[in-house]
């Protein structure tokens, strides 16, 4: 079993890739997107500790019950309060291999994609998040595999699964 983290800026395609991975892996696989907590469960939730505690708690339920887990979102190490590290530890505890991916996209494409969403997100927020996501990579204490999100979803799913088959846990 595997745990996949898909991190990167808004508009990169993390949710789309997460859903495609869930579909490709089939049952049992859960896709948990942090936007679910920010936009649906408690719309406008700005307390990132609550978001990441909820994400990690839900992920652990699925880990404990033998599911593949895909977590996607704008995940910054400065905001997750150790949530991803705890998720990596829980993954190992339950016998999962943990994989962390940075979903890279140029700013112009991120702005274009974010503008096409049902929900309006100010361009200045997208620009700030894009910069923070790119800068955050240096703070992550394990290897993060970079994905070029301009590629097709099918190609990205293939790359993620090939990486999972060929590499053990990148988390220390």
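Numbering (my numbering), first residue to last: 1 to 172.
Every residue, glycine too, gets a C-beta built ideally from N, C-alpha and C.
Quick check: residue 101 and residue 91, are their CB atoms within less than 8 angstroms of each other? no
Extent of the continuous beta strand (DSSP E) to which residue 163 belongs: No beta strand (DSSP E) holds residue 163; the alpha helix (DSSP H) holding it covers 153-166.
Kindly give me the distance between the Cβ atoms of residue 94 and residue 63, rounded to whole angstroms, as I take these residues to be in contact under 8 angstroms. 4 angstroms
Tell me the DSSP secondary structure of residue 116 in three-state form. coil
Is the CB-CB distance between residue 77 and residue 126 below 8 angstroms? no
Proximity of residue 18 and residue 105 at Cβ, strictly below 8 angstroms: no
Residues sharing a beta bridge with residue 86, DSSP: Paired residues: none, contrary to the question.
Tell me, please, which residues DSSP counts as bridged to residue 102. 7 and 146
Distance CB(residue 7)-CB(residue 75) smaller than 8 angstroms: yes
State the DSSP-derived secondary structure class of residue 171, mapped to helix, strand or coil. At residue 171 the pLDDT is 44, less than 50, meaning the model places this residue with poor confidence and gives no usable figure here.
The alpha helix (DSSP H) with residue 23 in it runs from where to where? 14-25
Are the beta-carbon atoms of residue 73 and residue 14 separated by less than 8 angstroms? yes
In whole angstroms, what is the alpha-carbon distance linking residue 143 and residue 52? 21 angstroms
Expressed to the nearest angstrom, what Euclidean distance is found between the alpha-carbon atoms of residue 82 and residue 56? 10 angstroms
Assign residue 78 to one of three DSSP states: helix, strand, or coil. coil
Flag residue 154 as yes if its beta-carbon sits less than 8 angstroms from any beta-carbon of chain B, otherwise no. Judged by its chain identifiers, the structure shown contains no chain B, having just a single protein chain.
Is the separation between the beta-carbon of residue 111 and that of residue 123 shorter than 8 angstroms? yes
For residue 126, the first and last residue of its enclosing alpha helix (DSSP H): 123-136
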